[in-house]
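Enquirer: Starting off with a structure, shown below.
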Amino acid sequence: MGALLAARLAKEVSRVLSGKISTTNYFWTDSTIALSWIQGPSGRWKVFVANRVKEIRSLTDKDSWHHCPGKDNPSDLLTRGISADSLINCDKWWNGPSFLHEENTVPVSYNVLLNDERAYLEELRPSERKTLTVTLDNTFLNNILSVYNNFQKILCVFSYIYRFINNCKKPSNKQIGPIRICEIKRAEITLVKLVQQLEFNSEIKDLSIKSMVNPQTTQRLPYHIRVRISSLENNEALFLGHTHDSIVTIPVTSTK
Numbered sequence: 061m062g063a064l065l066a067a068r069l070a071k072e073v074s075r076v077l078s079g080k081i082s083t084t085n086y087f088w089t090d091s092t093i094a095l096s097w098i099q100g101p102s103g104r105w106k107v108f109v110a111n112r113v114k115e116i117r118s119l120t121d122k123d124s125w126h127h128c129p130g131k132d133n134p135s136d137l138l139t140r141g142i143s144a145d146s147l148i149n150c151d152k153w154w155n156g157p158s159f160l161h162e163e164n165t166v167p168v169s170y171n172v173l174l175n176d177e178r179a180y181l182e183e184l185r186p187s188e189r190k191t192l193t194v195t196l197d198n199t200f201l202n203n204i205l206s207v208y209n210n211f212q213k214i215l216c217v218f219s220y221i222y223r224f225i226n227n228c229k230k231p232s233n234k235q236i237g238p239i240r241i242c243e244i245k246r247a248e249i250t251l252v253k254l255v256q257q258l259e260f261n262s263e264i265k266d267l268s269i270k271s272m273v274n275p276q277t278t279q280r281l282p283y284h285i286r287v288r289i290s291s292l293e294n295n296e297a298l299f300l301g302h303t304h305d306s307i308v309t310i311p312v313t314s315t316k
C-alpha cells in the first residue's frame, strides 16, 4: 500500500507541476518483495497484489523503482525509535539518504536483482490444472426428436443451427434466405453420424482401433454415408436402433 500511495502522490504532484518545471520521478522502497511485485508481470500475482501492481504500473514506469536498504531509509528512524533531540539533528531525516545528492542518483550497488522466487512465493498466483471430460449425451438429440417426428423438419432445424453458428463465427459473411441444398446435406450427414455415435458407440470405437466390426452387431447394406478410418472406407451400414424411430428408415430409403 505504501508503494501505491507513493505512485498516486507522485502522479498528482507531477500533474500540478506540469508546465512549470521539468520533473523526473524516482521511487524507492526497502522491500525487495514489493520491488519484485512491481517489476514482475502483474498477472503472476494473486488478485489483491495484482490489482495494486497494475495500478502502480499504470501510474509509474516500473524501471523508475529502486531498492533502498533499510539503513538508508529515513522512515526506519521512527520505526526503530529515535529521540526528539537526535531527530532534530538527523541529516538523513531532513535531507534523505546521502546518495540522493550525488551525481549518480541510483547507485549501482543498490540495483537489486531478484532471482530468488522464494521471497515472494506466497503471492504467486497458483497454476491451475483443468481437466476436460467429454461425455456423450443424447439429451439434445432426444429433445429434437421429441418435438419433430418428420425427418425433413429435423434436417431444417439442424441446418438453421449450423447457419446460426457460421453466422456468429463469420458476421461479415452471413448466410440469409432459404436453406440451401449444401446446408441440408451437411445437416443430414451430421445427424446420421450423431445417431451412429450414440447407438453404435462401441462399434465405432472398434472401427477406429481395429478397422473392423463384429459381424454379429451389424448388417451389410450399401449406404451413402461411409465411415473413414485413415485411408480405409467402411461400407458396412450401422442400423439405427428403435430409440430414434424418426431416423431408422434412413438406410432403407437411401438404397431405393
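The working numbering applies: residue 61 is where the sequence shown begins, and numbers increase by one. Backbone N, C-alpha and C fix where the C-beta goes; we use that ideal spot for every residue, glycine too.
(1) From the beta carbon of Pro101, is the nearest beta carbon of chain D less than 8 Å away?
(2) If you draw a straight line from the C-alpha of Asp123 to the C-alpha of Phe159, how long is it?
(3) How is the alpha helix (DSSP H) around Trp97 delimited, first residue to last?
(4) Tell me where the beta strand (DSSP E) around Phe87 begins and ends.
(5) If contact is defined by three or more beta carbon pairs under 8 Å, each pair taking one atom from either stretch, is the segment 97 to 109 in contact with the segment 134 to 151?
(6) As a quick exercise: from Glu248, Arg223, Leu65, pick the residue whose alpha carbon is nearest that of Arg112.
(7) Would you mind sorting Gln256 into buried or exposed? The rule is 16 or more other CB atoms within 10 Å of its CB.
(8) Could you tell me the distance, in whole angstroms, from the CA atom of Ala247 to the CA atom of Cys216?
(9) From which residue to which residue does the beta strand (DSSP E) around Trp125 run?
(10) Ignore the nearest five residues each way along the sequence and tell me which others in Pro157's own chain have a CB closer than 6 Å to its CB.
(11) Using a Cβ-Cβ cut-off of 7 Å (strictly less than) and excluding sequence neighbours within five positions of Gln235, which residues of its own chain qualify?
Expert: According to the structure data:
(1) Of the protein chains in the structure, only one exists, and it is not chain D.
(2) 18 Å
(3) 92 to 99
(4) 87 to 89
(5) no
(6) Leu65
(7) buried
(8) 8 Å
(9) 125 to 127
(10) Asp132
(11) Arg223, Asn226, Asn227
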